[in-house]
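In what follows, a single structure is set out as structure tokens and then discussed.
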Amino acid sequence: MPKAIFFDAVGTLFGVRGSVGAVYAQIAAEFAVTAAPDRLQQAFFRAFGAASPMAFPGCPPAEVATQENRWWRAIAETTFAEAGVLADFADFEEFWARLYGHFATADPWEVYPDTHPVLARWRRQGVTLGIISNFDSRLQPVLAALDLAPYFDTVVYSTAVGAAKPDPRIFAAALGDWPASECWHVGDSYQADVVGATAAGLQAFWLDRGAIAPAPFQVCGMSPNQPTFSKS
């Protein structure tokens with residue numbers, strides 16, 4: 701049995717309800733801006749994929765929240781510009797405050813059906829649980845809103861550490877005094893979670909949420925009745 705199990709957050713424990721494009725379109729409609737969810741979805745992932753890692757090494761702690769907001773706003777502006785509707789906003793500042801705050805609540809998120817049963821069973825077995833996520837300071841209120849916070853002894857996210865997965869520094873920050881060889885990491889991203897955790901010395905498990913992982917880490921699943929992870 702591992703000493704501790706760390707989990708990725710978005711895409712592993714919970715995900716966006718519907719799609720990012722649908723949420724963006726929904727909030728934009730509140731500001732009388734009409735945009736196709738599919739087009740926003742495609743534009744978002746292009747902008748997200750082209751962005752620098754969500755980490756700000758050397759940034760004073762008091763300025764991290766501002767940097768987080770700017771990082772996401774740049775992606776949102778690019779998304780709506782590519783969708784051809786950025787100029788349709790009468791007040792993008794007001795819209796952006798609404799959208800950014802929305803993702804700090806439970807509303808745009810859904811917890812996967814296997815998440816609570818698996819986490820509860822590991823806790824009953826006395827295993828320390830933690831999160832290692834490329835996310836920002838909104839992660840803490842989101843975990844609380846989704847009733848996930850009580851499961852975790854430690855929550856580490858990239859903007860607080862100044863390093864994003866697969867950088868080994870974020871795994872080291874989460875491990876603390878735990879020996880890496882006695883800890884597991886579970887996530888849905890092959891590059892960030894499997895490659896990153898393995899390089900940091902943890903036992904890595906790729907969680908199948910519908911993506912494609914290259915061999916030898918192909919598929920593993922979380923079972924509510926038998927919360928073990930296996931490679932196939």
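Here the numbering used here = 1-based position in the sequence shown + 700.
From the three backbone atoms N, C-alpha and C, an ideal C-beta is built for every residue, glycine too.
No experiment lies behind these values; they were computed from the predicted model shown.
If residue i sits next to residue j, beta carbons under 8 Å apart, how far is it from one beta carbon to the other, in whole angstroms?
i            : j                 : result
alanine 900  : aspartate 893     : Not confirmed; about 11 Å, so no contact.
alanine 704  : threonine 828     : 4 Å
tyrosine 812 : phenylalanine 714 : 6 Å
glycine 758  : glycine 862       : 7 Å
valine 733   : phenylalanine 789 : 6 Å
Comparing C-alpha positions only, which one of the options sits nearest to residue i?
i                 : options                        : result
tryptophan 906    : Lys703, Thr712, Pro702         : Thr712
threonine 778     : Pro850, Phe748, Gly830, Val895 : Phe748
arginine 773      : Tyr724, Gln742, Pro761         : Tyr724
proline 753       : Pro866, Leu875, Gly876, Gly910 : Pro866
alanine 762       : Trp796, Thr859, Asp877, Gly876 : Thr859
glycine 718       : Gln741, Gly784, Asp708, Phe795 : Gln741
proline 850       : Glu810, Ile831, Asp738, Gly862 : Ile831
histidine 802     : Ala863, Ala728, Val818         : Ala728
tryptophan 796    : Trp771, Glu810, Asn834         : Trp771
phenylalanine 835 : Ile870, Pro817, Ala790, Arg824 : Ile870
valine 716        : Ala820, Leu846, Ala732         : Leu846
alanine 864       : Asp908, Trp822, Gln891, Ala804 : Gln891
alanine 897       : Phe744, Arg823, Pro841, Ala873 : Ala873
arginine 821      : Pro841, Leu902, Phe852, Trp878 : Phe852
valine 818        : Ala790, Leu848, Pro841, Thr805 : Leu848
alanine 736       : Ala776, Ala806, Gln726         : Gln726
glutamine 840     : Thr805, Arg824, Arg823         : Thr805
alanine 750       : Trp878, Phe792, Pro868, Ile775 : Ile775
phenylalanine 731 : Ala743, Arg824, Arg909, Asp791 : Asp791
aspartate 908     : Val886, Leu902, Val895         : Val886
Run through the DSSP bridge pairs and tell me what residue i is partnered with.
i                 : result
aspartate 727     : First, the residue type needs correcting, since residue 727 is isoleucine and not aspartate in the sequence shown. DSSP output for isoleucine 727 lists no bridge partner at all.
glutamine 903     : Trp884
glycine 715       : Glu810
phenylalanine 706 : Gly830, His885
Which word fits residue i, buried or exposed, when buried means at least 16 other C-beta atoms lie within 10 angstroms of its C-beta?
i                 : result
glutamate 768     : buried
alanine 787       : exposed
threonine 815     : buried
methionine 701    : exposed
alanine 781       : exposed
phenylalanine 706 : buried
arginine 698      : With the chain covering 701 to 932 only, the question about residue 698 has no answer from this structure.
proline 808       : buried
asparagine 765    : Contrary to the premise, residue 765 reads as alanine rather than asparagine in this sequence. By the 10 Å Cβ count, alanine 765 comes out exposed.
glycine 721       : buried
serine 881        : exposed
glycine 826       : exposed
aspartate 888     : buried
alanine 844       : exposed
alanine 755       : buried
Beta carbon of residue i: closer than 7 Å to some heavy atom of the ligand HEM?
i             : result
threonine 734 : Questions concerning the ligand HEM fall outside what the structure shown contains, since it holds no ligand whatsoever.
Could you give the uninterrupted runs of the alpha helix (DSSP H) lying entirely in the region 799-882, keeping only those of 4 residues or more? 815-824, 839-845, 858-861, 868-875
Counting only runs that start and end within the region 737-774, where is the alpha helix (DSSP H) found for 4 or more residues in a row? As far as the region 737-774 is concerned, its whole alpha helix (DSSP H) runs of at least 4 residues are 737-750.
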